[in-house]
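The opening residue of the sequence shown carries number -5 in my numbering; numbering runs sequentially from there.
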Amino acid sequence: MTRNPSSEALADPSALASPGSSRQKFVDVFRGLLIAHMALDHASLMFNAGRGAEELAKAAPATGDIWQFLTRFTGVPVAPGFFFMAGFMVALTSARRGERGVPDAEITKRLLIRGLVLIAADAVIMGLPRALMGFYSFVVLSCIGVGIIAVALLRHLSTKGLLATALAVLALHPLIDVSGLPVALQAILHEPVRDGAIRSLYPVIPWIAIVMLGFVAGRDALSRSNPQKLWWLLSAASLLLFFAIRLSGGYGNAYSYSSIASLEFWHFAKYPPDLSFLTWSFACVFASLAILSRVVKDTTPAILKPFEAFGRVPFFFYIVHFYVLGIAAAILRARFGLAETYLIWLLLLGVMMWPCAWYYRKKRERPNWVTRYL
-5 MTRNPSSEAL ADPSALASPG SSRQKFVDVF RGLLIAHMAL DHASLMFNAG RGAEELAKAA
55 PATGDIWQFL TRFTGVPVAP GFFFMAGFMV ALTSARRGER GVPDAEITKR LLIRGLVLIA
115 ADAVIMGLPR ALMGFYSFVV LSCIGVGIIA VALLRHLSTK GLLATALAVL ALHPLIDVSG
175 LPVALQAILH EPVRDGAIRS LYPVIPWIAI VMLGFVAGRD ALSRSNPQKL WWLLSAASLL
235 LFFAIRLSGG YGNAYSYSSI ASLEFWHFAK YPPDLSFLTW SFACVFASLA ILSRVVKDTT
295 PAILKPFEAF GRVPFFFYIV HFYVLGIAAA ILRARFGLAE TYLIWLLLLG VMMWPCAWYY
355 RKKRERPNWV TRYL
């Protein structure tokens, strides 16, 4: 991923940069699959009596039974996938706007506004329930917003420079010590904080580097007629690196394990993400992109249509589904087993189909400032 997109590649109405293309559809399907699994985790958070604690680096939570473990483990690539695709989409949409003749300064302005809208939505729309409980939390939308702002300001740097910076942050972030900073800055920059007036689960370092890596991958894909080959290579390289890191029992491992055959071997720290968590996630992300770009080559299979709908409006889905779950939790006031939790999740996806399809139509038919950024 070291080549800058050629002028020919950017001038060509590339499938990756065209909203009506099959490649754009596979991107939407992938984002939809990510957001659907995210909804499962949030349904589990609110309704699953057997859900384990968050995977904080300082203490491994109990694994639970195999089904509880798999419910959580299959979602490992979701958060990194979201951050990665945020950068990936910046590359695609910036190229598309450039092809339409949008001035470069205007493209940068829109990206900056986009980042600020995400931060504001996290603080106001999503933050109201937290404020009523007496705290502010710097979480997913805020961190992605900061990442988009950073990419907007750095996107004209060379691909090699951006790639080297992103990889250095990902590889070296476990060495960073922010203990001398005020707790608020620790929470926002590097160390998840779970109590107090200012909290976080997604500090800027290292998550911002994942957005940058996604931007590099998106920029690179624009210059290739067949990026799938590289994605398979990157997936394999990430998988090999995962086993090298995890089996070494050394740098980057937050949790110990008894043997490779144990569930503990597949249990990683997410807050902040350890190197095992990240390399496993990248292996899944690149493999998923390669597979979906083939499966959704000419048309989206019927079974994937709902995920395409979700992936077209991920920001809208994210905000609305939290309130749907919150209202349901306030009404039911109960915790259930895993089977019931899955049923609630499927009902949630069914409920979200219509508003997502409606909002996408509004974005297409009556675009305005709100639909541009939400």
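Note that beta-carbon positions come from the ideal geometry of N, C-alpha and C, so glycine has one too. Please read all numbers here as calculations on a predicted model, not as lab measurements.
Reference residue i, options the options, closest by Cα
i	options	result
N247	A255, F77, F78, K264	K264
L135	F316, E48, G95, R45	F316
G109	M83, G141, T87	G141
M83	R45, G128, I138, G44	I138
F353	R288, V345, T365	Note on identity: in this sequence residue 353 is Tyr, with Phe being the wrong assignment. Y353 has its Cα closest to that of T365, out of R288, V345, T365.
R188	I297, S217, F132	F132
L166	P266, F276, L233, L257	P266
P123	K291, I338, L319, T87	L319
L332	T57, W61, A56	W61
Status (buried if at least 16 other CB within 10 Å, exposed otherwise) for residue i
i	result
D268	buried
V23	buried
R17	Annotation note: pLDDT 48 at R17 (below 50); position unreliable, coordinate value reported separately. Under this definition R17 is a buried residue.
K52	exposed
A11	No answer about A11 holds up, because its pLDDT of 45 lies below 50 and its placement is not dependable.
A5	Confidence in A5 is poor, its pLDDT being 35 and thus under 50, which makes the residue's placement unreliable; the coordinate value appears in the next sentence. Label assigned to A5: exposed.
G81	buried
A144	buried
A146	buried
V289	exposed
D214	buried
A125	exposed
E100	exposed
W363	exposed
R94	exposed
S1	Because the pLDDT at S1 is just 36, under 50, the model does not fix this residue reliably, and the value given afterwards should be weighed accordingly. The residue in question, S1, is exposed, as its Cβ has fewer than 16 Cβ neighbours within 10 Å.
W348	exposed
Range of the contiguous alpha helix (DSSP H) that encloses residue i
i	result
F78	72 to 93
K291	That residue, K291, is in no alpha helix (DSSP H); it is neither H nor E in DSSP.
P361	Taken as a continuous stretch (DSSP letters only), P361 belongs to no alpha helix (DSSP H), as it is neither H nor E.
T65	60 to 67
S408	The structure shown does not extend to residue 408, since the chain is modelled only from -5 through 368, so no value can be given for it.
A53	No alpha helix (DSSP H) contains A53, which DSSP labels as neither H nor E.
L326	308 to 326
A114	98 to 117
R124	121 to 126
Opening and closing residue of the beta strand (DSSP E) in which residue i lies
i	result
F132	130 to 132
Contact with chain D by residue i, beta-carbon distance below 8 Å
i	result
V210	Although the question refers to chain D, the structure presented lacks it and comprises just one protein chain.
Any beta strand (DSSP E) of 3 or more consecutive residues that is wholly inside the region 220 to 281: Restricting attention to beta strand (DSSP E) runs no shorter than 3 residues, the region 220 to 281 encloses none.
Residue ranges of each beta strand (DSSP E) within the region 142 to 215, 3 or longer: Contiguous beta strand (DSSP E) elements confined to the region 142 to 215 occur at 192 to 194, taking only those with 3 or more residues.
Cβ pair count under 8 Å reaching 3, the region 347 to 361 against the region 70 to 78: Touching, no.
The region 169 to 185 in contact with the region 111 to 119 per 3-pair CB rule at 8 Å: Output reads no: the region 111 to 119 does not touch the region 169 to 185.
Segment contact flag, the region 225 to 238 with the region 188 to 204, C-beta cutoff 8 Å, min 3 pairs: The region 225 to 238 vs the region 188 to 204: no contact.
Segment contact flag, the region 330 to 349 with the region 32 to 40, C-beta cutoff 8 Å, min 3 pairs: Judged by Cβ distances under 8 Å, the region 330 to 349 makes contact with the region 32 to 40, as three or more pairs qualify.
Inter-stretch contact at 8 Å, needing at least 3 Cβ pairs: the region 37 to 46 / the region 60 to 75: At 8 Å Cβ cutoff, the stretches touch.
Stretch-stretch touch, CB-based, cutoff 8 Å, three pairs: the region 305 to 315 with the region 248 to 257: Contact fails between the region 305 to 315 and the region 248 to 257, because fewer than three Cβ pairs, one in each stretch, are under 8 Å apart.
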